[in-house]
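Q:
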Amino acid sequence: MVLVLSNKKFDGLNPIYCGPFLLGSMWFLKLGNGHFVRFMFMNAIMDALYAFPGVVLFRNWRVANLIRMKRPQFLALLLSNAVLLYVFQSLLEKGFNKLRIR
Numbered sequence: 027m028v029l030v031l032s033n034k035k036f037d038g039l040n041p042i043y044c045g046p047f048l049l050g051s052m053w054f055l056k057l058g059n060g061h062f063v064r065f066m067f068m069n070a071i072m073d074a075l076y077a078f079p080g081v082v083l084f085r086n087w088r089v090a091n092l093i094r095m096k097r098p099q100f101l102a103l104l105l106s107n108a109v110l111l112y113v114f115q116s117l118l119e120k121g122f123n124k125l126r127i128r
């Protein structure tokens with residue numbers, strides 16, 4: 027994926043995704059309280075707002091644009107990142123629970 031940000035090319039990771047949307051996903055992880063469906067529902071709403079109207083707004087403001095990826099593909103990427111975040115956090119919490127001294 028190539029993202030054009032202020033007439034400069036960034037290959038690979040989307041710098042806007044690393045900021046507010048990664049923090050939002052982590053916040054939703056906390057609000058989800060271990061409920062996968064609730065976590066994915068909140069993430070799906072946030073990611074859909076980012077992938078569809080958000081990308082159009084960024085393109086109109088000439089801030090950022092998706093070059094080689096369509097918006098539904100970008101949404102799938104964001105949702106798959108949310109699933110990976112949930113799985114990794116679940117495994118990490120299980121590991122910490124085993125290490126606790128009782």
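Quick note on this note's numbering: the sequence shown kicks off at 27 and runs consecutively. Backbone N, C-alpha and C fix where the C-beta goes; we use that ideal spot for every residue, glycine too.
(1) Determine, using beta carbons only, whether Phe65 and Tyr112 come nearer to each other than 8 Å.
(2) Check the C-beta distance from Val82 over to Phe100 and give it rounded, since I have them as a contact under 8 Å.
(3) Flag this pair as yes or no: are the beta carbons of Asn59 and Ala108 separated by less than 8 Å?
(4) Hey, would you say Ala90 sits closer than 8 Å to Phe84, going by beta carbons?
(5) Starting from Ala90, follow the beta strand (DSSP E) in both directions and report where the run begins and ends.
(6) Closer than 8 Å by C-beta to Ser51: which residues in its own chain qualify, once you throw out the five before and the five after it? Chain order, please.
(7) May I have a chain-ordered list of the beta strand (DSSP E) segments no shorter than 3 residues that lie completely inside the stretch 57-125?
A: Once the coordinates are examined:
(1) For the purposes of this step, residue 65 is taken as the residue at position 39 of the sequence shown. For the purposes of this step, residue 112 is taken as the residue at position 86 of the sequence shown. Contact flag set, yes.
(2) As a first step, residue 82 must be located in the sequence shown, where it is residue number 56. As a first step, residue 100 must be located in the sequence shown, where it is residue number 74. Not really, about 12 Å apart at Cβ, beyond 8 Å.
(3) For this step, residue 59 is matched to residue 33 along the sequence shown. For this step, residue 108 is matched to residue 82 along the sequence shown. No, the Cβ-Cβ distance between Asn59 and Ala108 is not below 8 Å.
(4) The residue you call residue 90 lines up with position 64 of the sequence shown. The residue you call residue 84 lines up with position 58 of the sequence shown. Closer than 8 Å, so yes.
(5) What you label residue 90 is simply residue 64 of the sequence shown in a count that begins at 1. From DSSP, the beta strand (DSSP E) with Ala90 extends over 90-92.
(6) The residue labelled residue 51 in the question sits at position 25 within the sequence shown. For Ser51, where only same-chain residues beyond five positions count, the Cβ hits under 8 Å are Asn69, Met72, Asn107, Ala108, Leu111.
(7) 90-92
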